[in-house]
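Heads up, the thing below is written out as structure tokens.
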Amino acid sequence: MEPSATRQDPGAASRLRSEDELRAERTAALARRGISASNTDAGLDHLVCSCGSERYGLPLKAVAQVLPMRPLTPMPGAVPSLIGLIALSGRIVGVLGLARALGRPEPAGEPGHVVVLRGTPAHQPLALAVDRVLGIAPAAAAATNPGGLGNEVASGYAPGVAGADRPDFVIIDLPRLLRRALP
Numbered sequence: 056m057e058p059s060a061t062r063q064d065p066g067a068a069s070r071l072r073s074e075d076e077l078r079a080e081r082t083a084a085l086a087r088r089g090i091s092a093s094n095t096d097a098g099l100d101h102l103v104c105s106c107g108s109e110r111y112g113l114p115l116k117a118v119a120q121v122l123p124m125r126p127l128t129p130m131p132g133a134v135p136s137l138i139g140l141i142a143l144s145g146r147i148v149g150v151l152g153l154a155r156a157l158g159r160p161e162p163a164g165e166p167g168h169v170v171v172l173r174g175t176p177a178h179q180p181l182a183l184a185v186d187r188v189l190g191i192a193p194a195a196a197a198a199t200n201p202g203g204l205g206n207e208v209a210s211g212y213a214p215g216v217a218g219a220d221r222p223d224f225v226i227i228d229l230p231r232l233l234r235r236a237l238p
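Residue numbers for the sequence shown follow this note's numbering, so the first one is 56 and each next one is one higher.
Here's what the structure looks like:
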């Protein structure tokens with residue numbers, strides 16, 4: 056607001072201050088919502104993928120599509136987790152190796168699927184290369200102890216259900232994973 060406007064309207068300064076306070080409250084509320092959103096992945100369906108002998112769950116709401124692996128164009132000088140680029144519907148999509156992004160050993164074989172993500176940072180089209188997509192499973196009874204799982208991008212662990220043919224898997228916190236994998 057311009058200084059001349061505050062001279063004409065004596066209440067403008069107090070309104071300006073209250074707008075700043077409102078913005079600060081909204082910012083704090085959004086930050087709290089982001090923290091609680093990452094902790095509530097336990098009740099959601101997850102796309103369960105394998106990388107080597109390990110299984111990881113990606114929140115289904117973050118998955119746009121799953122495709123068979125296709126040839127990648129290498130990107131010299133890129134971050135280590137970026138294994139290449141693919142063309143998809145007229146867009147260039149960066150493909151991160153999930154095992155590399157997690158700091159895990161590279162699987163012996165070639166990745167079999169590409170999981171295209173939605174709502175990525177700065178709206179950059181991104182995908183994850185995984186060995187295989189195993190299916191969709193709910194994480195209804197997830198144990199949330201990321202520190203105990205040995206990886207800071209894990210937000211929980213969903214134990215398998217014996218009679219329901221559901222495997223156990225580690226729940227991945229995608230925003231944390233992408234912050235860690237990309238500069």
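For glycine and all other residues, C-beta sits at the position ideal for the given N, C-alpha and C. Fair warning: this is a prediction, and the values are worked out from it, not measured in the lab.
Would residue i and residue j be called neighbours here (beta carbons separated by less than 9 angstroms)?
i           : j           : result
residue 181 : residue 151 : yes
residue 183 : residue 153 : yes
residue 169 : residue 122 : yes
residue 125 : residue 189 : no
Nearest to residue i by alpha carbon, out of the options?
i           : options               : result
residue 102 : 231, 161 and 194      : 194
residue 167 : 133, 74 and 104       : 104
residue 131 : 73, 116, 149 and 115  : 149
residue 234 : 213, 134, 223 and 160 : 134
residue 141 : 116, 160, 179 and 156 : 179
residue 236 : 100, 175 and 223      : 175
Taking the continuous beta strand (DSSP E) assigned at residue i, which residues delimit it?
i           : result
residue 123 : 118–123
residue 193 : 187–193
residue 233 : Taken as a continuous stretch (DSSP letters only), residue 233 belongs to no beta strand (DSSP E), being part of the alpha helix (DSSP H) at 229–236.
residue 142 : 137–143
residue 151 : 146–152
residue 112 : 109–114
residue 101 : 100–106
Enumerate in chain order the residues of its own chain whose CB-to-CB distance from residue i is below 8 angstroms, with the five nearest sequence positions on each side excluded.
i           : result
residue 162 : 106, 107, 154 and 186
residue 118 : 102, 170, 171, 172 and 173
residue 160 : 107 and 154
Where does residue i land, buried or exposed, given buried means 16+ other C-beta within 10 angstroms?
i           : result
residue 211 : buried
residue 136 : buried
residue 228 : buried
residue 191 : exposed
residue 10  : The chain is shown only over 56 to 238; residue 10 falls outside these bounds and no answer can be derived.
residue 147 : exposed
residue 201 : Low per-residue confidence applies at residue 201: pLDDT is 45, beneath 50, and the placement is therefore not dependable, though the value from the model is reported in the following sentence. Buried: at least 16 other Cβ atoms inside 10 Å.
Under 8 angstroms: does the beta carbon of residue i sit that close to some heavy atom of the ligand SAH?
i           : result
residue 113 : Of ligands this structure carries none, so the ligand SAH is not represented either.
Among the residues of its own chain, which have a CB less than 6 angstroms from the CB of residue i, if the five just before and after it don't count?
i           : result
residue 120 : 171
Give every residue of the same chain whose Cβ lies closer than 7 angstroms to the Cβ of residue i, excluding the five residues on either side of it in the sequence, and list them in chain order.
i           : result
residue 129 : 139
residue 115 : 99, 100, 101, 102 and 191
9 angstroms is my cut-off, CB to CB: does residue i come that close to chain D?
i           : result
residue 157 : You won't find chain D in this structure, because it holds only one protein chain.
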